[in-house]
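In this note's numbering, the protein residues as written are 429 to 924.
Glycine included, C-beta positions come from ideal geometry on N, C-alpha and C.
Since the model is a prediction, treat every value here as computed from it, not as a measurement.
Have a look at the structure below before the remarks.
Structure, rendered in structure tokens:
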């Protein structure tokens, strides 16, 4: 059912009820006014006949002639005009004019006009006490006014109220339907605009001109917001599907070589069961290395996928010093022979994703531990320093390894970029660059302050600074896709 039809039916049903309710109130007011008029007339008549009523009581009490008594009685009834009169004396009752029958019981007294119903008729009754000149000569003067005129007028008003209510139902319904139909035009235009949208065939979205109707404009704004969120979620779903496909493609591409190497080694062990001990151990060591590389590659690809799919609501205030200290403790536990130092002042808070920041620290420390050992086989020495520069937190990770040549410092963040003798997957620093890009930071490789080794610098905006507000995530997060497709990743890095 259309909205205009609903409004027409509602108005058509409501208006007669309102007319009837108003008519009932009008009837009450009219009845009250008519009774006030009748009561005023009764009081005036009572004042006018009071003198003649006293004279009639005196004549009756003095036993005067019937002619005198009749004359006074006529005078009493004549002065009452159209009002019925009943004078009840000590020994006689005089009646005249319209009034209830003698057998109808009257109120004990009616100093204020009251309504008396008798035999289907309605009367307004007023009583007053009168007394003659002699002591003990007293009586009650009753005055009666028929209530038929008031009843007639009330019936007339009642019929007109009912007539108006019956006419108001269809007329108000038709008028409300016409007005509602005109008022709902902006809503129909909005419906037509929304029904013509099809994201499968067109990129057009809801275009609404303000109708200056609050409800319609609010609905249009809500629809635009919902459609915008739909587009955003559809885009994220498409990105997630592309990420899943790219993950499979990257895994298949990068796992092919180690898997083939493992297959060759397994064939050697199978085809040469009597392989000498040293050769057999060498093959097994090669299998262990390839297995570790496969496992590391899968872990790194999984982490890249998490970074590509993370949502903005996962971000929040993070104490960077706590993250650094937790990562340092973990690496000390895993590498008890290495020497890892940390200088992390507390209270440096950033707006970020804590698992992603922990991934940054873990991969930076692992990279320094792998490549930071001496050429003579001595354990690696790694230093972690956290400080402040303006409204940014600055993190340095230093090692005492061979370092990175200046011309290669920008390449280390590219996917699958690793040294020939590196046991890693070539994705550790790529994962670092991804997370720093998500956090609107910067990362670059520098020379070690002491001259030997490498230094990696990470800069992140502090919470509360001009750059540390809640910023939106990058529109394009395609690290896994780029990893599979061979395009350069989108992140901010600086060469020294």
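Here residue 889 is near residue 868, since their CB atoms are less than 8 Å apart. Taking residue 579 as the centre and dropping the five residues before and after it, the same chain places the C-beta of 550 closer than 7 Å to its C-beta, in chain order. Three or more pairs of CB atoms, one per stretch, sit closer than 8 Å, so the stretch 751-758 contacts the stretch 770-789.
In the DSSP assignment, residue 783 falls within the alpha helix (DSSP H) that extends over 782-799. Taking one beta carbon from each stretch, the stretch 470-487 and the stretch 497-508 have 3 or more pairs nearer than 8 Å; the two touch. Rounded to whole angstroms, the separation of the alpha carbons of residue 884 and residue 777 is 20 Å. Counting only runs of at least 3 residues, the stretch 547-587 fully encloses the following beta strand (DSSP E) elements, listed from N- to C-terminal order: 549-559, 566-574.
Under the three-state reduction of DSSP, residue 505 is assigned to helix.
CA-to-CA, the gap between residue 547 and residue 574 works out to about 13 Å.
Under the 10 Å beta carbon count, residue 466 is surrounded by 16 or more other beta carbons and is classified as buried. Excluding sequence positions up to five before and after residue 470, its CB lies within less than 7 Å of the CB of 511, 541, 552, 554, 571, 573, all in the same chain and listed in chain order.
Apart from sequence neighbours up to five positions away, the residues of its chain that approach residue 876 with a beta-carbon distance below 8 Å are 826, 827, 828, 831, 882, 883, ordered along the chain. Residue state for residue 826 is assigned as strand, using DSSP reduced to three classes. For the 8 Å CB-CB criterion, residue 782 and residue 816 do not form a contact. Listed as beta-bridge partners of residue 883 by DSSP are 826, 874. Collapsing the DSSP output to three states places residue 752 in a helix. Here DSSP, grouped into helix, strand and coil, assigns residue 592 to helix. Rounded to whole angstroms, the gap between the alpha carbons of residue 647 and residue 655 is 12 Å. Proximity to residue 602 across 812, 443, 773, 765 peaks at 443, based on C-alpha coordinates. Residue pairing by DSSP places residue 814 opposite 823 in a beta bridge. Within its own chain, the residues whose Cβ lies closer than 7 Å to the Cβ of residue 480, once the five positions on either side in sequence are excluded, are 500, 503, 504, 507, listed in chain order. Distances from the CA of residue 531 to each of 538, 775, 545 were compared; the closest alpha carbon is that of 545.
Here residue 868 carries a coil assignment [DSSP, helix/strand/coil]. Burial is judged here by how many other beta carbons sit within 10 angstroms of a residue's own beta carbon; residue 700 has fewer than 16 and is exposed.
In the DSSP assignment, the residues bridged to residue 522 are 515. As DSSP reads the structure, residue 890 sits in a beta bridge with 778.
The three-state reading of DSSP puts residue 767 in strand, counting E and B together.
If you check the CB distance, residue 770 and residue 812 come in under 8 Å. Residue burial annotation: residue 528 is buried, with at least 16 other C-beta atoms found within 10 angstroms of its C-beta.
With respect to residue 841, residue 857 sits close: the two C-beta atoms are nearer than 8 Å.
The three-state reading of DSSP puts residue 741 in helix, counting H, G and I together. If you draw a 10 Å sphere on the C-beta of residue 878, you find fewer than 16 other C-beta atoms in it, and that means exposed. The DSSP-derived three-state label of residue 646 is helix. Under a 10 Å Cβ-count criterion, residue 643 is classified as exposed, with fewer than 16 other Cβ atoms of the shown protein chains found around its own Cβ.
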